[in-house]
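Number of protein chains: 2
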Amino acid sequence: MDISVLHNSILFKGFDDTEISDLLKALNAAEKKYNKGEMIFSSGEITDKLCFVTAGGVTIESNDMWGNRTILNLVGKGQFFAESYALLPDVPMLVDVCAAEDCSIVFLSMKSLANLNDTISSRLLANLLTITTRKNLHLSSRSFHTAPRQVRGRIMAYLNTISVQKHSREFDIPFDRQQLADYLNVERSVLSNELSKMQRDGLIRCRKNHFEIITVTYLPG
Amino acid sequence: MDISVLHNSILFKGFDDTEISDLLKALNAAEKKYNKGEMIFSSGEITDKLCFVTAGGVTIESNDMWGNRTILNLVGKGQFFAESYALLPDVPMLVDVCAAEDCSIVFLSMKSLANLNDTISSRLLANLLTITTRKNLHLSSRSFHTAPRQVRGRIMAYLNTISVQKHSREFDIPFDRQQLADYLNVERSVLSNELSKMQRDGLIRCRKNHFEIITVTYLPG
DNA sequence: GAAAGTATGTTGTAATTACAACATTTCGGG
DNA sequence: CCCGAAATGTTGTAATTACAACATACTTTC
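One line per chain: the protein sequences are A and B, in this order. Note that my numbering gives residue 170 to position 170 of the first sequence, counting from 1, and the numbers run on in steps of one. All you need for my numbering is the position in the second sequence, starting with 1, plus 1000.
And the structure:
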């Protein structure tokens, strides 16, 4: 198991090496590998496992009865998922979790939280609170990105956020076209088409997952 | 201030009356009233205040530059909002908060959390974790409700959720037409129109905010 | 470096939605 | 009961999107 990734995670922030290995034992940590495309959880399942990505990445998706995929979130190396379901273990999952690429997941049993002593437990709870709070912001951001009714507005809302995050008008995005389409809740072909139009209109430049937002200078008169 | 509502809130679960009034003082609790339609927070603002609805209700909205409103969540009496921003106080709000009706809000200063003793603080943190976790599920649900590309699919996804929650095929929803449209991210007139069609098609019955989902029986042959 | 497979771009048509304008219903006061 | 205001329903047209089908580009494998 790759301890170093866990060591740098939010969950174990403030804990030293021995505390971390004790905690991993106490929480029945177990690692499992998945191939790209494999399902890790399906909607309706129940789990008390807090999940940590030690390698690769997963998508949190909603797949409706008409076969439309909506990507709610992308969870990469060093991040957690399923924390809501782990902490409210009687709530069945609304979403699917799918390996976006080959990946490794560490599962931590949250029902074992009760067995920890108060000091450890409260430090861990504070860290968990940070995780859920940040996850909240991610979910809000996506709502923000899908709020515009039209494709161009959604693309701009998304690219703006990434640009602000990376402090640059030029950046890579973590999605391929199909994934970006599913994240923004639009058709892939419509997305490709709109990106072409936006390049023709001089708003952006892009090639594969590299994007550049072009600053428009308004001329007087 | 209406202590009884706070007393029954998730945040103060497990605390007795005197502990609660001590906490309210320690967190600089202050109540303020708002009229329907008034803005409580605007996007871009920074706050460390955890907000509690003691009366009425508020909407968490994203209003884009074209004037489209998207309702991310409805927060009613006895519930909290802005917890993410209160706990990550350097993050500017992405959303607006608006009084859905005349309401009263209690503001609790989260930067004062640090002054509490460990025991109180860890009990409070556990309760905060429950709040953020539940909020996560609400945000996920909305994503689920807006995942279908077509209006009818969104309406059905939403009504199904409410029906399951209320354990009944007949129920009231907390939204008027405009609010439901903004929640599902569709045009109000298109929503009204689709609801009429769905009634003609025998899928539902509805009148104002009272809905009934009609079970379709498939006949053999 | 050819072949096969995957990802991305383009185009046309059918279906859906946005938007505006107007009709109808509902609900509180006077 | 009537009025006005607000909410909801209806309709038509213009704009947008979904979907399918195909073209092109890029990757991987042998």
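For every residue, glycine included, the Cβ atom is placed at its ideal position computed from N, Cα and C. Source: prediction; values computed, not measured.
- Residues of chain B with a Cβ closer than 7 Å to the Cβ of F144/A are, in chain order, S1062 and L1094.
- Between S143/A and T1070/B, the CB-CB gap stays under 8 Å.
- Going by DSSP, V1005/B is part of the alpha helix (DSSP H) stretching over I1003 to H1007.
- Comparing alpha carbon positions, the residue from F171/A, M93/A, D201/A and V58/A closest to K208/A is F171/A.
- Sequence-distant Cβ neighbours of I1046/B in its own chain, meaning closer than 6 Å and more than five residues away, are P1092.
- DSSP, reduced to helix, strand and coil, places N1028/B outside both helices and strands of the structure shown, so it counts as coil.
- Among the residues of the segment 1127-1141 of chain B, those with a Cβ less than 8 Å away from any Cβ of chain A are L1128, L1129, T1130, T1132, T1133, R1134, K1135, N1136, L1137, L1139, S1140 and S1141, in the order of the chain.
- Taking 8 Å as the Cβ-Cβ cut-off, the segment 1079-1103 of chain B approaches chain A at E1083, S1084, L1087, L1088, V1091, L1094 and V1095, given in chain order.
- Each residue's CA atom was taken as its position, placing T215/A and T54/A some 38 Å apart.
- Boundaries of the alpha helix (DSSP H) harbouring F1144/B: D1118 to T1146, taken from the DSSP string.
- Look at R200/A here: in three-state DSSP terms it is helix.
- Under the three-state reduction of DSSP output, L72/A falls in the strand class.
- Proximity to Q199/A across Y158/A, I213/A and T133/A peaks at I213/A, based on C-alpha coordinates.
- Three or more Cβ pairs drawn from the segment 67-87 of chain A and the segment 1146-1156 of chain B lie within less than 8 Å of each other, which places the two stretches in contact.
- Here the segment 81-98 of chain A makes contact with the segment 37-46 of chain A; the two share three or more CB pairs at distances below 8 Å.
- Under the Cβ distance rule, N117/A does not count among the residues neighbouring chain B, no pair being separated by less than 8 Å.
- Looking only at S112/A, R205/A, F81/A and E187/A, the smallest Cα-Cα distance to S104/A is reached by F81/A.
- For N185/A, no alpha helix (DSSP H) encloses it, and the DSSP letter there is neither H nor E.
- Residue range E1083 to L1087 is occupied by the alpha helix (DSSP H) that includes E1083/B.
- Looking at H1167/B, L1027/B, R1152/B and L1072/B, the one whose alpha-carbon comes closest to that of L1050/B is L1027/B.
- Listed along chain B, the residues sitting closer than 8 Å to L125/A by beta-carbon distance are S1122, L1125, A1126 and L1129.
- With respect to the C-alpha of A100/A, the residue from K77/A, E194/A and S84/A having the closest C-alpha is K77/A.
- Assignment of beta-bridge partners to E45/A by DSSP yields no partner.
- Taken atom to atom, the span from the alpha-carbon of T133/A to that of L139/A is near 10 Å.
- Contacts between N1185/B and chain A, judged by CB atoms closer than 8 Å, involve T146, A147 and R149 in chain order.
- Boundaries of the alpha helix (DSSP H) harbouring S1163/B: V1151 to K1166, taken from the DSSP string.
- The contact set of L72/A on chain B, defined by CB atoms closer than 8 Å, consists of S1140 and S1143 in chain order.
- Under the DSSP assignment, A1114/B falls outside any beta strand (DSSP E); it carries neither an H nor an E label.
- Remark: C-beta atoms of T1161/B and S1189/B do not approach each other more closely than 8 Å.
- In the structure shown, I213/A adopts extended strand secondary structure according to DSSP, grouped into three states.
- Take S163/A, set aside five residues on each side of it, and the residues of its chain with a beta-carbon closer than 7 Å to its own are R169, F171 and I213, in chain order.
- About 6 Å separates the CB atoms of R1177/B and L1191/B; that is less than 8 Å, so the two are in contact.
- Contact between L125/A and L1129/B holds: CB atoms are separated by about 6 Å, below the 8 Å threshold.
- A Cβ-Cβ distance of about 5 Å is found for the pair E1031/B and V1106/B, placing them in contact under the 8 Å criterion.
- For E61/A, the uninterrupted beta strand (DSSP E) segment begins and ends at G57 to N63.
- Using a 10 angstroms sphere on the CB of T1119/B, the tally of other CB atoms stays under 16, which defines it as exposed.
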